[in-house]
Structure formats: structure tokens, C-alpha cells
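Asks: Let me begin by handing over the structure; questions about it come next.
Numbering (the numbering used here), first residue to last: 237 to 433.
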């Protein structure tokens with residue numbers, strides 16, 4: 237948004253501008269992700285994982301105007317006016333909306349974070365540890381969403397769909413399936429175009 241404001245800073249007339257900083261529970265996105273999941277027989281999975289791209293915890297704290305980020309174990313579990321810009325809280329809100337749409341009981345799913353780099357603490361729990369714990373705990377079939385990615389990429393198809401699938405099986409699991417992202421679905425393109433009008 238800074239670059240947009242810089243461009244308009246020397247103009248006499250500035251059009252109305254609206255910035256969409258996040259859309260964690262936007263109905264079209266939730267509906268389309270849920271629709272992709274319904275291609276699977278959900279009851280046959282032992283667990284459903286919602287894996288999001290992780291961020292360093294220091295980045296979460298930078299966005300925290302109210303200074304309560306990571307002060308309690310469940311500070312991100314509910315999206316509120318005081319944490320509405322918290323990435324982790326947005327991830328939990330997206331998960332909750334998709335789970336509600338699919339009528340998933342809370343014990344049927346877990347939120348986790350992937351793609352950690354370096355030694356600094358990142359958003360947790362880490363996906364690789366959750367997958368390991370599920371497999372070692374007896375889960376045989378795991379379904380994974382990656383809702384932070386509206387288009388499939390290396391972090392969905394390779395990291396989850398190949399690398400973590402291999403790990404899951406190595407730890408005792410039998411099957412890990414990846415829910416396709418929204419990609420170039422015409423319904424997604426139409427929803428985005430409508431939102432931008």
C-alpha cells in the first residue's frame with residue numbers, strides 16, 4: 237500500500253481507494269475450499285490438517301498494536317478487533333470457517349504451520365511435528381488443506397504432497413491426500429473480480 241500512496245502523493249485528485257489487507261473468512265473463498273474438500277470422503281480420514289505458511293514470531297509481534305501477541309497459548313484462536321491483523325489469528329479464523337462449512341468437529345482437525353527457515357521461533361505448531369505425532373499416534377489416513385495458498389505451488393505440491401507424505405508414511409501413516417487449492421477455477425476468478433469492482 238505504501239507504493240500506491242507514493243504514486244498518488246503528488247496528484248491533486250485522488251480516487252477512492254480501498255485496501256484489502258486480509259480476507260480470512262471471505263465466503264467465496266471458504267465455499268470454494270470446502271467444495272474442493274468435498275471431492276474426498278471426509279469420514280474415511282483419521283484426521284484433517286490445515287497447514288499454513290509459517291512466519292517468524294517476531295513478524296507477528298510487529299503487527300501487534302495491542303501487545304498481547306503470543307502472551308498466552310490461545311491468543312490467536314479467536315479473531316477479534318484487537319488481533320484482526322494477526323496472521324495466526326486469521327489462519328485460525330479461516331480454518332474455523334472451513335471446518336464449520338464442512339461440519340467438522342474440533343477434535344477432527346488441527347491447525348499447523350509449515351516452511352520454517354532458520355533457527356528463530358516461527359508460528360507453531362510446526363506441520364512436520366504435527367504430522368509425525370499423528371502418524372506415531374496411529375493415524376493412517378490424513379487429509380491436508382493449505383488455505384494460505386490460493387494457488388498450488390512448491391510449498392503445497394512438493395513440501396506437503398511429496399515430502400511430508402513420505403514422512404507420514406515413514407512414521408507409520410498409510411495415506412496423505414492434499415486438498416487442491418483454488419488455482420485458476422473460474423468461480424474463484426469471478427469471485428475475485430467481483431470483489432475488486
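We put the CB at the ideal spot given by N, CA and C, even for glycine.
A quick note: this is a predicted structure, and the numbers were derived from the prediction, not measured.
So, are the CB atoms of residue 494 and residue 382 less than 8 Å apart?
Replies: Since the first and last residues shown for the chain are 237 and 433, residue 494 lies out of range.
Asks: Is it the case that the Cβ atoms of residue 364 and residue 415 are separated by a distance below 8 Å?
Replies: No, the Cβ-Cβ distance between residue 364 and residue 415 is not below 8 Å.
Asks: For the region 410-428 and the region 254-271, state whether three or more C-beta atom pairs, one from each stretch, are separated by less than 8 Å.
Replies: Result yes; three or more Cβ-Cβ pairs closer than 8 Å.
Asks: Nearest CA to the CA of residue 360: which residue from 371, 405, 328?
Replies: For the residues 371, 405, 328, the minimum Cα distance to residue 360 belongs to 328.
Asks: I need the boundaries of the beta strand (DSSP E) containing residue 346, first residue and last residue.
Replies: Looking at the DSSP string, the run of the beta strand (DSSP E) that includes residue 346 is 345-350.
Asks: Is the region 383-396 close to the region 248-256, with three or more CB pairs under 8 Å?
Replies: Flag = no, the region 383-396 and the region 248-256 do not touch.
Asks: Between which two residues does the alpha helix (DSSP H) holding residue 328 run?
Replies: 323-337 is the span of the alpha helix (DSSP H), which, as asked, contains residue 328.
Asks: Check whether chain B comes within 8 Å of residue 412, counting only Cβ atoms and requiring the distance to be less than that.
Replies: Looking at the structure shown, chain B is missing, and only one protein chain is on hand.
Asks: Around the Cβ of residue 248, are there at least 16 other Cβ atoms within 10 angstroms (buried) or fewer (exposed)?
Replies: Exposed, since its Cβ has fewer than 16 Cβ neighbours within 10 Å.
Asks: If you drop the 5 nearest sequence neighbours on each side, which residues of the same chain put their C-beta closer than 6 Å to that of residue 384?
Replies: Closer than 6 Å at the Cβ level, and outside the excluded window around residue 384, lie 288, 289.
Asks: Apart from the five residues on each side of it in sequence, which residues of its chain come closer than 6 Å, Cβ to Cβ, to residue 346?
Replies: The residues are 285, 366.
Asks: Let's test the definition: count the other Cβ atoms within 10 Å of the Cβ of residue 341 and tell me whether it reaches 16, buried, or not, exposed.
Replies: So residue 341 ends up on the exposed side.
Asks: Mapping DSSP to helix, strand and coil, what is residue 433?
Replies: Looking at residue 433 - three-state DSSP - the assignment turns out to be coil, as it is neither helix nor strand.
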